[in-house]
Amino acid sequence: MTRVFNFSAGPATLPEAVLLQAQAEMLDWNGMGASIVEISHRSAEFIAVAAAAEADLRSLIGIPDDYAVLFLSGGATTQQALLALNFAAPGQVVDYVVTGHWGKTAIRQVAPYTTVNIAADGEPGGFRDIPARDSWRLSPDAAYVHITANETIHGVEFRGDPPDFGQVPLFADFSSSIASEPIDVSRYGVIYAGAQKNLGPVGVAVVIIRRDLLERSGQPRAEIFDFRSHAARDSMLNTPPTWNWYLAGLVFKWMLAQGGVAEFARRNAAKSELVYAAIDASGGFYRNEVKPAVRSRMNIPWFLPDESLTARFVAESRAAGLLALKGHKAVGGIRASLYNALPVQGAQALVDFMRDFQQRHG
Ligand SMILES: *Cc1c(COP(=O)(O)O)cnc(C)c1O
Numbered sequence: 089m090t091r092v093f094n095f096s097a098g099p100a101t102l103p104e105a106v107l108l109q110a111q112a113e114m115l116d117w118n119g120m121g122a123s124i125v126e127i128s129h130r131s132a133e134f135i136a137v138a139a140a141a142e143a144d145l146r147s148l149i150g151i152p153d154d155y156a157v158l159f160l161s162g163g164a165t166t167q168q169a170l171l172a173l174n175f176a177a178p179g180q181v182v183d184y185v186v187t188g189h190w191g192k193t194a195i196r197q198v199a200p201y202t203t204v205n206i207a208a209d210g211e212p213g214g215f216r217d218i219p220a221r222d223s224w225r226l227s228p229d230a231a232y233v234h235i236t237a238n239e240t241i242h243g244v245e246f247r248g249d250p251p252d253f254g255q256v257p258l259f260a261d262f263s264s265s266i267a268s269e270p271i272d273v274s275r276y277g278v279i280y281a282g283a284q285k286n287l288g289p290v291g292v293a294v295v296i297i298r299r300d301l302l303e304r305s306g307q308p309r310a311e312i313f314d315f316r317s318h319a320a321r322d323s324m325l326n327t328p329p330t331w332n333w334y335l336a337g338l339v340f341k342w343m344l345a346q347g348g349v350a351e352f353a354r355r356n357a358a359k360s361e362l363v364y365a366a367i368d369a370s371g372g373f374y375r376n377e378v379k380p381a382v383r384s385r386m387n388i389p390w391f392l393p394d395e396s397l398t399a400r401f402v403a404e405s406r407a408a409g410l411l412a413l414k415g416h417k418a419v420g421g422i423r424a425s426l427y428n429a430l431p432v433q434g435a436q437a438l439v440d441f442m443r444d445f446q447q448r449h450g
């Protein structure tokens, strides 16, 4: 068996130890003589798995008790739509700060339900920077302000303290950077993330909600679209994605055993510094156009001088055991995703390859 270094943006690489454990337990989990995918979500055994996953995520990220934690299906995109239904009154304005592709997606999901104010938009600048905070045009009565903590495709990340809007809560899409470094959860009203970047397999999303926000009436909606109902039923209003929840729980335990988010922050800084240094030392052969202060630690897009070299880079890196370096079609070029489960040796192998490739083709 050969396992390569996997730079996929999502679904993405998982810790080998977690995959091996899941494999070993696949047919007979916990001595039950059945797989975890074959037992009821209402069984005491599964409820214990679900509760442990929540407790582990709380200790991993430092989630205070006055926040609810939900494990829901539908990915990050469904949660984007539910934000307006649950937290904005009909017609109430919501403020969005757009710093890349996913901020635009988030707006499309709420546009049918409420009035969107684009408070700031990085698109005229090609999403190479985050518009300066004092240029944001915020609405005085916004239901919330939404940001994308890390833009997975454009490689733009909020760094430093999150913005503060007083009484208006900050909602953040953390799909591709959750648990990648310590954050102060209390600065946010809602944090949400699809699991398939940094937390586990696709099919489950994590939503962290300050409990007082669950009292908002929002808009008429079915129970299944209601965060309050999901919270009241411990995310088991209907059949939850049990397999995905279990696997994510194994990843949380693995992250805690590795040293928690402080340790991953250290590794993620080391990995991204290696790759940015290789780009910046290439004399323009490799080009990342994002302003250094907001460069993403998790997803690094870059360009080569032309399309044929780009195609060659993708093919040769694949042959060298470096998987999924082709850029997203919206941007082109190359993209390396450096999530928690990608070891530092993976980033080292990538920069060694980059130098070698430049020597042969530069
Ligand atoms: C991947 C991603 C999404 C979309 O997630 P789905 O689970 O496919 O709905 C949304 N936001 C960000 C920042 C992402 O990286």
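Per our numbering, the sequence shown starts with residue 89, numbered consecutively. All residues carry an ideal CB built from backbone N, CA and C; glycine is no exception. Since the model is a prediction, treat every value here as computed from it, not as a measurement.
Integer Cβ distance of residue i from residue j, believed to fall under 8 Å
| i | j | result |
| --- | --- | --- |
| residue 421 | residue 390 | 6 Å |
| residue 157 | residue 335 | Rounded, the Cβ-Cβ distance is 17 Å, inconsistent with contact. |
| residue 337 | residue 140 | 6 Å |
| residue 218 | residue 193 | Wrong, their Cβ atoms sit about 17 Å apart, outside the cutoff. |
| residue 210 | residue 244 | 7 Å |
| residue 437 | residue 411 | With 8 Å as the limit, residue 437 and residue 411 do not qualify as a contact, their Cβ atoms being about 11 Å apart. |
| residue 149 | residue 295 | Contact flag wrong, Cβ pair sits at about 13 Å. |
Contact test: residue i Cβ vs ligand 1 heavy atom, cutoff 7 Å
| i | result |
| --- | --- |
| residue 240 | yes |
| residue 425 | no |
| residue 98 | yes |
| residue 261 | yes |
| residue 248 | no |
| residue 346 | no |
| residue 285 | yes |
| residue 264 | yes |
| residue 190 | yes |
| residue 236 | yes |
| residue 199 | no |
| residue 164 | yes |
| residue 243 | no |
| residue 450 | no |
| residue 187 | no |
| residue 193 | yes |
| residue 336 | no |
| residue 267 | no |
| residue 415 | no |
| residue 293 | yes |
| residue 282 | yes |
Range of the contiguous beta strand (DSSP E) that encloses residue i
| i | result |
| --- | --- |
| residue 425 | 422-425 |
| residue 282 | 278-282 |
| residue 234 | 233-236 |
| residue 183 | 181-186 |
| residue 159 | 155-160 |
| residue 221 | Note, residue 221: premise wrong, no beta strand (DSSP E); not H, not E. |
| residue 259 | 258-261 |
| residue 209 | 203-209 |
| residue 298 | 293-298 |
Cβ-based burial, residue i [other Cβ within 10 Å; buried from 16]
| i | result |
| --- | --- |
| residue 164 | buried |
| residue 360 | buried |
| residue 120 | exposed |
| residue 196 | exposed |
| residue 303 | exposed |
| residue 111 | exposed |
| residue 125 | exposed |
| residue 180 | buried |
| residue 398 | buried |
| residue 326 | exposed |
| residue 308 | exposed |
| residue 285 | buried |
| residue 396 | exposed |
| residue 368 | exposed |
| residue 413 | buried |
| residue 89 | exposed |
| residue 261 | buried |
| residue 288 | buried |
| residue 383 | buried |
| residue 114 | exposed |
| residue 213 | exposed |
| residue 228 | exposed |
| residue 393 | exposed |
| residue 312 | exposed |
Alpha helix (DSSP H) segment containing residue i, residue limits
| i | result |
| --- | --- |
| residue 390 | No alpha helix (DSSP H) holds residue 390; the beta strand (DSSP E) holding it covers 387-390. |
| residue 146 | 132-149 |
| residue 176 | Careful: residue 176 lies outside any alpha helix (DSSP H) and carries neither H nor E. |
| residue 119 | Neither: residue 119 is in no alpha helix (DSSP H) and is coded neither H nor E. |
| residue 344 | 330-346 |
| residue 90 | Residue 90 -> no alpha helix (DSSP H), and no H or E assigned at all. |
| residue 192 | 189-198 |
| residue 529 | Nothing can be reported for residue 529, as the shown portion of the chain is limited to 89 through 450. |
| residue 395 | 395-407 |
| residue 434 | 432-449 |
| residue 126 | Here residue 126 belongs to no alpha helix (DSSP H), and DSSP marks it neither H nor E. |
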